[in-house]
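Comments concern the structure below.
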Amino acid sequence: MHFFNKSAPIGIFDSGIGGLTVAKRVMSILTNENIIYFGDTARVPYGSKSNSTVIEYSIQDAQFLIKKNVKLIIVACNTASSIALDTLREKFDIPIIGVIEPGANLALETTKNRKIGVIGTSATINNKAYSEKLKQLDSKIEVFEKACPLFVPIAEEGWLNHPATKLVAKEYLQYFIDNNVDTLVLGCTHYPLLAATIQEIMGEKVTLIDSGFAASLQVENHLKGRGIRNDSVQLGTKEFYVSDLPDKFKSVAERFLGSELTHIEKIDVESLIVR
Ligand code: DGL
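Take this note's numbering: the last position of the sequence shown gets the number 1210, and nothing is skipped along the way.
The following block contains the structure:
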């Protein structure tokens, strides 16, 4: 068991830019924590890859952060959380928090009619990550799941209020309306960006669950519980690393986070591969 320095950074990784939705939540709750974010922009998307590839990449991403002496890792990517979390926890002696369990818990606390919908990448849905976790936590719950793969490129394209987004969302979400869910889990990093359109189609009575928000609350509790919450009064530092296209990442991230990225570095994918 390691003992971490309170001022050590929190590491966050994702397949690319989507994890910024999680990072933003963490930064707004844990303002004085130092953050190191890694986005694997050279190998995105993870959501259409095989389990063995997602596990291999996730191990490399975690190793990169561990070398930066982080005190905890957040697996912001739902696909990686669904497939690789257990392996990462077995392999590394450091607290690792995924987004599935916090999202499932928040959905269970929220639903009144016990009908929960889950949307995610094909990998997350095919692996039944949310439905198994939800059923494990409450065997009586009814879960309706559907992969919405087009939402990722739409969000990357910035079509947040585009008519095409509404058409696609209607097609995907009718299933949940037909099944009368009152809670819908946004089980992919990119989906909170489309929350306004999704909410419009689902109607105001349906509550959307942002797993990244739920995970950031769990991170706070975890740090407090282990006595490793940073006690600095300064605003935390933020470092960003990507495996490709740092300029694109920088402009999207600055627009999304609303602040300038002072430290952004491209790292070579080859250097992630530990032989
Ligand atoms: N980050 C992924 C997730 O949350 C979405 C993008 C991808 O497929 O890599 O599942």
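Heads up, the beta-carbon is just placed ideally off N, CA and C, and yes, glycines get one too.
All figures in this text were calculated on a predicted structure; none of them were measured in a lab.
Asked, Found
"Close-in-space but distant-in-sequence residues of the same chain around Thr1022 (CB under 8 Å, 5 per side omitted)", "Ile990, Ser993, Ile994"
"Three-way DSSP call (helix, strand, coil) for Glu1189 in this model", "helix"
"Bridge partners - Gly1052, DSSP secondary structure assignment", "Phe1079, Leu1119"
"Simplified DSSP state of Lys1173, which is helix, strand or coil", "strand"
"Lys1201, enclosing beta strand (DSSP E) - first and last residue", "1199-1201"
"Residue environment, Asn940, which counts as buried when at least 16 other CB atoms sit within 10 Å", "exposed"
"Rounded distance between the beta-carbons of Leu1192 and Lys959, thought under 8 Å", "6 Å"
"Contact under 8 Å by Cβ, Cys1083 with Ile1051", "no"
"Straight-line gap, Glu1025 to Lys1006 (C-alpha atoms, nearest Å)", "16 Å"
"Buried or exposed (CB count within 10 angstroms, at least 16 for buried), Gly954", "buried"
"Proximity test, Gly951 beta-carbon vs ligand 1 heavy atom, cut-off 7 Å", "yes"
"Classification of Thr1125 by the beta-carbon crowding that lies within 10 angstroms, buried from 16 upward", "Per the sequence shown, the amino acid found at residue 1125 is His instead of Thr. Under this definition His1125 is a buried residue."
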